[in-house]
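Chains as they are written, first to last, in full-length UniProt numbering: chain A, 1 to 216; chain B, 1 to 216; chain C, 1 to 334; chain D, 1 to 334.
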Ligand SMILES: Nc1ncnc2c1ncn2[C@@H]1O[C@H](COP(=O)(O)OP(=O)(O)O)[C@@H](O)[C@H]1O
Ligand SMILES: Nc1ncnc2c1ncn2[C@@H]1O[C@H](COP(=O)(O)OP(=O)(O)O)[C@@H](O)[C@H]1O
Ligand SMILES: [Mg+2]
Ligand SMILES: [Mg+2]
Ligand SMILES: [Mg+2]
Ligand SMILES: [Mg+2]
């Protein structure tokens, strides 16, 4: 499989659209667990990315640059917890894309592994802390084992998204420990962690984007 | 007719009880026109008078002293607009009672005339300003003309209360001009002025008190 | 409405108790009357005393403005009710240093009568000269031809500041009165209300506005205003408020002003700064120079939502007094 | 909830614009980054820079505390969101006078990451030494054994004050960090929430409490607390808050403390004074000496209803720093 720079930009555009649609839901989750702003934060960040996509990045064909600019732009626009996390993801992932205008399955695998490892390093959260790591760590493990077996990125990523979804769902049963939602009580039980949800949605958007790129 | 110092104290006690019962209604009127505290203010003032009635005034037989203490106590407890107004009423009225433990119809008439004149002087409001003067001025005029004719205080005071009630009702149709409710708009139309209501209630309580004193 | 209080009938007593305990180096409660507070430090002989006061529920006004460069004493009424003459009189006696006392208070029927009675008594009983300046800054509360009937609201801060600074500089009573009167004559305020407050004793909202409504000219105690309408963007609201002020008191390009954007209680500083931003745009467009700005909750109406804009025209004398330092528990200026 | 704003996505920009226009003699916005403010007056060579910051919506924190004796710069995030590294870094570069910069901020995942990245960049790009003190005063946010996980709330005022005073007195970076860390170690806060706030962009209440409910330990951004229950009288609420503080950090009779009773936004000064009254009663009964008191809305959560009590233990060094004068737009102390 081959993914072009334009398709990466379509992916980012799709995230922009998806986040606008899910903004209220993400805020709702964060109101239950934290300070209620996760949807707002994601929206501000992705709108800023959108401006870049329509501006500086319009002609850009270097996938590495696209990913770096996405990370930097997101971070400068939002700060917050997810700013450094997602920004680190895109900036670390960029190494796998550097200088490339077309990406192989291997590149994509390397990108997502670096993306997730970067977030883990930045946030130092562990599985069970009720954060996006509960979505991303199973995704990482699934990617490593499935891509290794098949070398078929698309089918491997189908499993990744399934694992991510299971991980996201698992946060319902965990007490909050990190971020502005970290606290003592048990009231966090029953609600999905907002970052676990948004990171799942990003992975899922990537899957649907490359699927329709394949079809086209 | 003869009214004793004890009966004056019963009157004051009856005002205390009446105000507690009408407190919410008086606040409600003041919320529509002013700052919503008229019932609270009256209650604070009359509760303070009540303490005196159960304390310093318990054995007091000088109706003048009773009236002065009532006025001073009310004023010290509340301030507000009605503090100086009602206090001046009781303190000016006291002159008609000075040194007396039993009061004639003449004394009562002099008391109420001085009471109302005192309030007029203190507040400098005029009929039509949408204040208690709209209740008190017709009461004053009725008292002067009816007591003059009949020399029967009780029947004269029946007319006084009727005139007061009509005066009170008339405030519904007037725009606010004085006090914390003074303003431009027309929203004050349709609501009785709280001070016009409380002053009517005091006059009415006086009537029912002397009536039952007559019967007893 | 939920309140962190103990007993609705004791809120003023307990508030004063807490306040005095919090700032023992600044204020002192008089033994003669617990509703009278004066500066902890004795003021100097010959200084004109500055006395302020009014109903409670406007904190930091009025108790917060006792201190160097501002008031020497304050008389504290029940919520939204003028204090009676007693605490006014007792505070007057303590802060008089032989040169008389100025009363600065808002033009409300109750305050006029109670402060008026106290002034008479101060003269009769103790031979203390009292001058009075009634604050009438609320443009919405009466038309221009009846300016003397207007209510006093947030602008009282500037009138108190002018009086306090003049007294601190050693002006005599007539001059302190003249300065305070000038400050009042040069001051206009227009406000907007969004959400009601409730008296602790009734718990009932002081007025009702729909979820998208605002009311222009709403009084500082919830008195009805001059116009209800849909909530507008902050800039439009400010445009309206400033327009009404400048129509009532035209200010020429090149003139200096002090500005106060005041929150009524539950309006955030964020909103007040956003409002100030617009005030500044309008004034600088007109070439009016903002000499000093105050943004915050300087005079509240319990937890009411809303804000007001106050503009005071400054001549050289007033400008110096606005810049005069002050050291009060709730307001310090270097 | 009704707000006096123009555009929900522009509130922070417009707030900063208004704020800087209101206090041009105090603060200056950096051209390098509009979310970075520094003191208008250049600070002196060799002075350790003090940088604060965090999400917006807590005004007067944090922008209000830039000035003499407090912070030299502030980085301003979106509402309830840490600022990104850029404004932190730009402010750091401007306030560094060769002796390094201390970052004082609340212990939230976002702030830790963003300030952490900025500190790294300051070192890498400009060779500026950065020390960091994370404020962890909120007793309710984690058990004692995990104190380092606690959130920072109103007590940050005292930590900033200690750092600001130490830097002003010429302490070097290590000592400023030591003093600020000690202030944090000696500071505890417990809060109670009554009514929610809402983000301008969502308009939705941050939490839901019934008309007679309160929540102990509710976070400064509406994060769930540790206990919901019927609203209690103020004295009982304060008893609970102070009890939890003193259990967590025992204070001996004869020791000195500073106290802050902080309102979260729509809670009136009247209620705060009533609460302070009880704090004072409890402490003086235990023989604990209140060295200085602060009562007011020092760190808010938009228009949230509720309050917190902060107690900082003072040794001689900290007591002197609490008494140190300050001159910021929203906080002046003589
Ligand atoms: N240390 C961390 N590691 C990984 N994810 C984290 C960490 N801290 C917070 N998060 C994620 O960030 C999300 C919250 O993001 P957001 O609401 O935008 O920021 P904030 O918490 O600053 O308000 C959480 O739901 C969680 O998934
Ligand atoms: N100058 C005045 N003369 C006569 N009555 C007045 C005057 N000013 C106010 N009042 C009366 O006082 C009433 C309001 O009393 P209250 O609510 O207790 O005081 P406040 O207006 O200070 O809140 C008004 O309804 C009006 O009848
Ligand atoms: Mg959040
Ligand atoms: Mg009233
Ligand atoms: Mg009143
Ligand atoms: Mg946040």
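Even for Gly, the Cβ is constructed at its ideal location relative to N, Cα and C. This one's a predicted model, so the numbers in the text were calculated from it and none came from an experiment.
Exclusion of the five residues before and after residue 274/C leaves 234 as the residues of its chain whose Cβ lies within less than 6 Å of its Cβ. Following the DSSP letters along the chain, one finds residue 243/D inside the alpha helix (DSSP H) bounded by residues 234 to 248.
Inclusion of residue 100/D and residue 218/D in the CB contact set at 8 Å is not warranted, their separation being larger than that value.
Identification of chain A residues near residue 199/D by a Cβ-Cβ cut-off of 7 Å yields 36, 37, 40, ordered along the chain.
Placement of the Cβ of residue 34/A at a distance of less than 7 Å from at least one heavy atom of ligand 3 is found. About 6 Å separates the beta carbon of residue 140/C from that of residue 225/C, a gap short enough to meet the 8 Å contact definition. The nearest non-hydrogen atom of ligand 4 is 7 Å or more from the C-beta of residue 58/D.
Counting every other CB atom within 10 Å of its CB across the protein chains shown gives residue 59/A a total below 16, marking it as exposed. Against chain D, a Cβ distance below 7 Å from residue 78/A picks out 78, 81, 84. With a cut-off of 7 Å, the C-beta of residue 37/B is classified as near ligand 5, since at least one heavy atom of the ligand falls inside that distance. At least one CB of chain D lies nearer than 8 Å to the CB of residue 75/A.
For residue 208/D, the closest Cβ of chain C is not nearer than 8 Å.
Distance from the CA atom of residue 68/D to the CA atom of residue 131/A, rounded to whole angstroms, is 40 Å. Taking 7 Å as the cut-off, one finds at least one heavy atom of ligand 1 near enough to the beta carbon of residue 193/A.
Taking C-beta atoms under 8 Å as the contact rule, residue 101/B and residue 4/B qualify, at a distance of about 7 Å. Across the structure, residue 90/C and residue 59/C are spaced so that their CA atoms are roughly 22 Å apart. Taking 7 Å as the cut-off, one finds no heavy atom of ligand 2 near enough to the beta carbon of residue 5/D. For the C-beta of residue 114/C, the chain B residues within less than 7 Å are, from N- to C-terminus, 79, 83, 84. Taking 8 Å as the CB threshold, residue 308/D stays off the interface with chain C. Here residue 306/D is buried: its Cβ has 16 or more other Cβ atoms, across all protein chains shown, within 10 Å. Residue 205/C is bridged by DSSP to 198/C.
Counting every other CB atom within 10 Å of its CB across the protein chains shown gives residue 35/C a total of 16 or more, marking it as buried. A distance below 6 Å between beta-carbons, with the five flanking residues on each side excluded, links residue 332/C to no residue of its chain. Listed along chain C, the residues sitting closer than 8 Å to residue 44/B by beta-carbon distance are 9, 78. For the set 96/A, 63/A, 192/A, the Cα lying nearest the Cα of residue 11/A is the one of 63/A.
Taking the Cβ of residue 95/D as the reference point, every heavy atom of ligand 2 lies at 7 Å or farther away. In this structure, the straight-line span from the alpha carbon of residue 11/D to that of residue 30/B is close to 37 Å. The beta carbon of residue 24/A is closer than 8 Å to those of 39 in its chain, skipping five residues each way along the sequence. Shown here, residue 211/B sits in a helix according to DSSP, grouped into three states. Secondary structure note for residue 5/A: its alpha helix (DSSP H) is the uninterrupted segment 5 to 33. In terms of beta-carbon proximity, residue 110/D lines the interface with chain A, with at least one pair separated by less than 8 Å. Residue 89/A has a beta carbon lying at 8 Å or more from every beta carbon in chain D.
Taken atom to atom, the span from the alpha-carbon of residue 45/B to that of residue 78/C is near 11 Å. Taking C-beta atoms as the reference points, residue 162/C and residue 298/C fail to come closer than 8 Å. At a Cβ-Cβ threshold of 8 Å, residue 302/D and residue 197/D count as neighbours.
Note on geometry: alpha-carbon atoms of residue 276/C and residue 139/A lie some 50 Å from one another.
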